Amino acid sequence: MEVSAEAKRIMVVALGKLYSSRTQRGGLRLHRSLLLTLVMKSARDIYHAAQATAQSAAPTCEPQHPAVNVITTRPAAAQGLQSPASHPAEESRTAGSSTELRCAPHAHDHAENKENVCPSGPAQHSRKRRGKAAAEPDFLPCKKAKLEQVNCHQQLIVSSVLSDYVKCSSELRTAPTPIPVQTAIAAC
Amino acid sequence: MGEDTDSTPALNHHGFLPDHNYVTEADIISTVEFNHTGELLATGDKGGRVVIFQREPESKTEPFSQGEYNVYSTFQSHEPEFDYLKSLEIEEKINKIRWLPQQNAAHFLLSTNDKTIKLWKVSERDKRPEGYNLKDEEGRIKDISTVTSLQVPVLKPMDLMVEVTPRRVFANAHTYHINSISVNSDYETYMSADDLRINLWHLDITDRSFNIVDIKPANMEDLTEVITAAEFHPHHCNLFVYSSSKGTLRLCDMREAALCDKHSKLFEEPEDPSARSFFSEIISSVSDVKFSHSGRYLLTRDYLTAKVWDLNMESKPLETYQVHDYLRSKLCSLYENDCIFDKFECAWNGSDSVIMTGAYNNFFRMFDRNTKRDVTLEASRESSKPRAVLKPRRVCAAGGKRRKDDISVDSLDFTKKILHTAWHPNENIIAIAATNNLYIFQDKLNSEMH
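If you're matching them up, the sequences are chains A and B in order. Heads up, the first sequence is in full-length UniProt numbering, so the first residue is 1 and it goes up one at a time. Heads up, the second sequence is in full-length UniProt numbering, so the first residue is 1 and it goes up one at a time.
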């Protein structure tokens, strides 16, 4: 989603400015550092909120996403989700949390699936090669099918509140060297 | 208001080569201040130097040269220093200059950098004693045997010499960077404010100061706001105001307590929730606060607006003026190129009817509080030939209807910013600092305030 990409970029820029201010002549400027920290915190909060909303509803960052072409209101969302994929550190985190989130509403399905899957477990294992066992378990619900109109609206509500950022992002030049967001957040 | 403004040629601060775009950083003007009569104008720069201009007395024989400002004196106020304990370099940039009211033939001014305030005495010498008994004209000691009679030395006229001497150095009182100094109306004390504390000094005492405001939290991680500017009331020596990075103003009364952490009045405008953005905190930070000459109003400047507050109304400003609202949609880019952190100053005219503040592209704005008219003018070499009349400028929003000579928002030069401006205390004369150049504009038609 555009908002979360925007928030991430702002955080990264804030970090860069904070780091470079350390070597500035005259020492650390408290006022400037405070303002940068405030911007970074609000960007972080918005980023987390946007990520949480995106993960509770939307599909993953798989490149072949048929829904992207069909749903015109969601291209930004798909982009936003794909960009985390470029950060290996983050991908594991989001995948982990998305699993968590999905567990809650779909625990019911999960249990059902397990019941269905388990009996044929040993048979599956014997058929599968070892390498594939390490891959994503196939009892997780297929994320491609999760796209729903209801969730679309949720996304739009979040976007409209922060419509400012959508306008802003068009003016931004290419982002500076990306710093893994985990490091950015840890530094807050 | 100045429809017909006369301009004196740009007073070049220090050796700027007109053919090159290169500007020495040390020459960038960092503060501008008229003295109480307007006869003298002081500027400070990033290199720690102070230049004082003096207005030529009006002469009937040459009407056009009346009231022009020429260099009176130049001196090095502050030098770069190094704090060994913190391994930090202390910049020599002059943050503020404040004149003391004149009490004898000499002039006094306070100048400050990030850590140290200095009191300077500016005096003229136009006579020299001659006829010493023990020294000859060159100053060599005379041979006593040649002295046969005694004479009383007499004062003979000499070429005017302006001497500047440091009289006091007020140091080691601020942990954080000093952003303001303000002389009290009692003419005995003054205050200096840094990001978290305000100290009160006596002009004659340098080894101690009183801390009157301290907003440093016990745990620095809980820090939410800093002090951005402070000023004494022009008439009531017990009142002062300070502004914060959150956009609030606090009026404090020194009679209430020794430590004025508790304000007498808090001036705050509730935030407009629909205007909320990532950068709301940054643009609401107050960069300058000035009492009106009457003492009744306060003028504040934040990134996009200038506001006039009535001391009797804390809930919201009396008037809000949009300085460059067309930048509101550009905040993201301005954040990336650091312009969003620029600190613009603001000024009242002598009668408190007009306020002035700077903007980008060497533009500055004036707002008439009575007629509600405003004007945008440019301080540039091209538009400021001597006796030229300044032409009002207009910035049109991107995509808006564009008239001839209008500038579009996207072609504004953000490196040309007017952060420091000053208005003569009595007349319609303004001083504008544009990077390393000082422009002085005079309104010949309307030289009296109205």
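The beta carbon of each residue, even a glycine, is placed where N, CA and C say it ideally should be. These numbers come from a predicted model, not from an experiment.
Indicate the three-state DSSP secondary structure (helix, strand or coil) for residue i in the structure shown.
i, result
"THR415 (chain B)", "coil"
"LEU318 (chain B)", "coil"
"TYR187 (chain B)", "coil"
"THR74 (chain B)", "strand"
"VAL13 (chain A)", "helix"
"CYS260 (chain B)", "coil"
"PRO157 (chain B)", "strand"
"CYS332 (chain B)", "helix"
"MET220 (chain B)", "helix"
"TYR439 (chain B)", "strand"
"PHE341 (chain B)", "helix"
"LEU18 (chain A)", "helix"
"ASP27 (chain B)", "helix"
"THR248 (chain B)", "coil"
"THR23 (chain A)", "coil"
"ILE430 (chain B)", "strand"
"THR165 (chain B)", "strand"
"GLU6 (chain A)", "helix"
"ILE144 (chain B)", "helix"
"VAL409 (chain B)", "helix"
"CYS61 (chain A)", "Confidence is the limiting factor: at CYS61 (chain A) the pLDDT is only 48, short of 50, which leaves the residue's position unreliable, though a coordinate-based value still follows. In the structure shown, CYS61 (chain A) sits in coil (DSSP, three-state: anything other than H, G, I, E or B)."
"TYR69 (chain B)", "strand"
"TYR242 (chain B)", "strand"
Quick one: residues in its chain with C-beta nearer than 6 Å to the C-beta of residue i, no 5 flanking neighbours on either side, listed in chain order?
i, result
"ASP36 (chain A)", "The residue you asked about is not Asp; residue 36 (chain A) is Leu in the sequence shown. So the qualifying residues of the chain are ALA14, LYS17, LEU18."
"ARG167 (chain B)", "LEU119, LYS121"
"LEU155 (chain B)", "LYS127, PRO129"
"ILE10 (chain A)", "ALA43"
"SER353 (chain B)", "ARG369, ASN370"
"ALA7 (chain A)", "ALA43, ILE46, TYR47"
"ARG250 (chain B)", "TYR242, HIS263, LEU266"
"GLN79 (chain A)", "Low confidence applies to GLN79 (chain A): its pLDDT is 39, below 50, so where it sits in the model is not reliable enough to give any reading."
So the beta strand (DSSP E) residue i belongs to, where does it begin and stop?
i, result
"THR357 (chain B)", "354-358"
"ARG55 (chain B)", "49-55"
"GLU281 (chain B)", "Looking at the DSSP string, GLU281 (chain B) is not in any beta strand (DSSP E); the run it does join, the alpha helix (DSSP H), is 280-284."
"ALA397 (chain B)", "Careful: ALA397 (chain B) lies outside any beta strand (DSSP E) and carries neither H nor E."
"PHE129 (chain B)", "In the sequence as displayed, the identity of residue 129 (chain B) is Pro instead of Phe. Run containing PRO129 (chain B): 117-130, per the beta strand (DSSP E) assignment."
"TYR297 (chain B)", "297-301"
"ASP207 (chain B)", "205-214"
"ASP374 (chain B)", "374-378"
"CYS346 (chain B)", "346-348"
"GLY38 (chain B)", "Note, GLY38 (chain B): premise wrong, no beta strand (DSSP E); not H, not E."
"ALA275 (chain B)", "That residue, ALA275 (chain B), is in no beta strand (DSSP E); it is neither H nor E in DSSP."
"ASP368 (chain B)", "363-368"
"ASN199 (chain B)", "197-202"
"ILE227 (chain B)", "227-232"
With a cut-off of 8 Å on the beta carbons, I'd call residue i and residue j a contact; round off their distance for me.
i, j, result
"ILE340 (chain B)", "VAL308 (chain B)", "The pair is not a contact, with the Cβ atoms about 23 Å apart (cut-off 8 Å)."
"ASN185 (chain B)", "CYS237 (chain B)", "Note on identity: in this sequence residue 185 (chain B) is Ser, with Asn being the wrong assignment. Confirmed, Cβ separation roughly 5 Å."
"LEU304 (chain B)", "TYR360 (chain B)", "In fact, because the Cβ distance is near 12 Å, the residues do not count as touching under 8 Å."
"PRO101 (chain B)", "TYR187 (chain B)", "6 Å"
"PRO425 (chain B)", "HIS36 (chain B)", "6 Å"
"ARG30 (chain B)", "VAL164 (chain B)", "Looking at the sequence shown, residue 30 (chain B) is not Arg but Ser. Not a contact, Cβ separation roughly 18 Å."
"ALA306 (chain B)", "VAL32 (chain B)", "ALA306 (chain B) to VAL32 (chain B), Cβ: 17 Å. No contact."
"ALA173 (chain B)", "ASN199 (chain B)", "5 Å"
Got a sec? Which residues, its chain only, sit under 7 Å from residue i by beta carbon, not counting five neighbours each side?
i, result
"ASN362 (chain B)", "GLU378, ALA379, SER380, LYS416, ILE418, ALA434"
"GLN154 (chain A)", "The pLDDT assigned to GLN154 (chain A) is 41, lower than 50, so where the model puts this residue is not dependable, and the model offers no usable value."
"PHE278 (chain B)", "none"
"VAL71 (chain B)", "VAL51, PHE53"
"PHE414 (chain B)", "ASN337, CYS339, TYR360"
"ASP342 (chain B)", "LYS417, LEU419"
"PRO317 (chain B)", "GLU269, LYS307, VAL308, TRP309"
"PRO234 (chain B)", "SER185, PHE291, HIS293, GLY295"
Note down, in chain order, each residue of its chain lying with its Cβ closer than 8 Å to the Cβ of residue i, except the 5 sequence neighbours on either side.
i, result
"GLU314 (chain B)", "LYS265, LEU266, PHE267, GLU268"
"GLY38 (chain B)", "ARG55, HIS424, PRO425, ASN426, GLU427, ILE429"
"GLU256 (chain B)", "LYS262, SER264"
"ALA229 (chain B)", "ASN179, SER180, ALA193, TYR242, SER243, VAL286, SER287, ASP288, VAL289"
"MET158 (chain B)", "ARG125, ASP126, LYS127, ARG128"
Counting along the chain, where does the alpha helix (DSSP H) carrying residue i start and finish?
i, result
"THR37 (chain A)", "30-57"
"SER87 (chain B)", "Premise fails: SER87 (chain B) is in no alpha helix (DSSP H) and is neither H nor E."
Quiz prompt | Inter-stretch contact (C-beta, 8 Å, three-pair minimum) for the stretch 147-156 of chain B and the stretch 103-118 of chain B | solution = no
Quiz item: Would you call the stretch 216-224 of chain B and the stretch 261-273 of chain B in contact, with 3 or more CB pairs under 8 Å?
Solution: no
Quiz item: With a cut-off of 8 Å, do at least 3 Cβ pairs link the stretch 43-60 of chain B to the stretch 88-95 of chain B?
Solution: Touching, per the Cβ criterion.
Quiz item: So, do the stretch 167-179 of chain B and the stretch 203-218 of chain B have three or more beta carbon pairs nearer to each other than 8 Å?
Solution: yes
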